[in-house]
Each structure stands twice: as structure tokens, then as C-alpha cells.
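Numbering (the working numbering), first residue to last: 164 to 284.
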């Protein structure tokens with residue numbers, strides 16, 4: 164699952180919840196990648212509401228029972244996040260092999276219960 168440049172647009176405190184909503188659709192061992200802009204990129208867009216650095220993103224993963232495999236600054240070192248608009252914080256995590264380890268997980272049986280549902284507006 165990839166959430167790139169999404170979490171920083173949500174109201175404060177809702178990032179963990181949106182990640183949790185999608186975890187039931189993932190198999191154990193699935194990769195989750197969360198990407199947010201660093202300081203300069205965050206400041207460049209007035210629709211950004213909450214600044215999330217790598218530590219914040221790792222906490223979102225941990226709060227949802229995900230195992231962080233890698234946390235990095237891309238494409239340049241972390242200090243470049245202040246002057247370079249396109250530097251990003253990237254966290255790569257994994258759904259643990261235990262099916263009930265993720266908050267909000269459910270069994271993956273066939274049927275309408277596991278079909279994607281539209282996001283309410």
C-alpha cells in the first residue's frame with residue numbers, strides 16, 4: 164500500500180486512522196510505504212495541514228501494529244529538507260505475519276465484506 168503525499172493533507176490526528184482503515188485489505192507480509200514532504204515542500208502548499216517527519220510517520224506505523232523496516236530521507240540527506248522542495252520522509256513498513264496484530268484487522272474471506280468501499284463525502 165502506498166500513501167504518498169496524503170497524510171499531510173488530513174486534519175490533525177486523522178493520519179493514523181486513515182492508515183488503519185486500509186490495513187484490513189492487506190495480507191500479512193504486505194509492504195506499506197508512507198511518504199510526506201519535508202519542511203520546504205510542506206511550506207510550498209497551503210493545503211498541507213500537519214507536518215509529519217520520519218519519527219511521526221514511524222509512530223503512525225507503530226500505532227497500527229506495523230513493523231518499520233526502513234526510514235529514510237529521499238532523494239537527499241535529511242538536512243536538505245529545509246532548502247530543497249522535493250525532499251521527502253519515507254517510511255517502509257510491513258504488515259506483521261499474525262493476522263490479528265494490526266489494529267482493525269479482519270479475516271480475508273471472499274465476498275462483499277472485503278470489497279473496497281467508496282470514501283464517504
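Using N, Cα and C, we set each Cβ at its ideal position, and we do this for glycine too.
Using CA coordinates, which residue listed in the options is at the minimum distance from residue i?
i: residue 244; options: 228, 179, 177, 206; result: 206
i: residue 167; options: 208, 214, 194, 200; result: 200
i: residue 237; options: 211, 204, 208, 228; result: 204
i: residue 209; options: 172, 188, 182, 187; result: 172
Expressed to the nearest angstrom, what Euclidean distance is found between the alpha-carbon atoms of residue i and residue j?
i: residue 224; j: residue 184; result: 13 Å
i: residue 217; j: residue 242; result: 13 Å
i: residue 234; j: residue 221; result: 8 Å
i: residue 193; j: residue 256; result: 8 Å
Count the other CB atoms, across all protein chains shown, that sit within 10 Å of the CB of residue i; report buried if there are 16 or more and exposed otherwise.
i: residue 177; result: exposed
i: residue 258; result: buried
i: residue 230; result: exposed
i: residue 170; result: buried
i: residue 182; result: buried
Can you round the beta-carbon distance between residue i and residue j to whole angstroms, since I take them to be within the 8 Å contact cut?
i: residue 164; j: residue 195; result: 5 Å
i: residue 226; j: residue 179; result: 5 Å
Suppose only complete runs of 3+ residues qualify. What are the beta strand (DSSP E) ranges in the stretch 184-254, listed by chain order? Counting only runs of 3 or more residues that sit fully inside the stretch 184-254, the beta strand (DSSP E) segments are 194-200, 230-237, in chain order.
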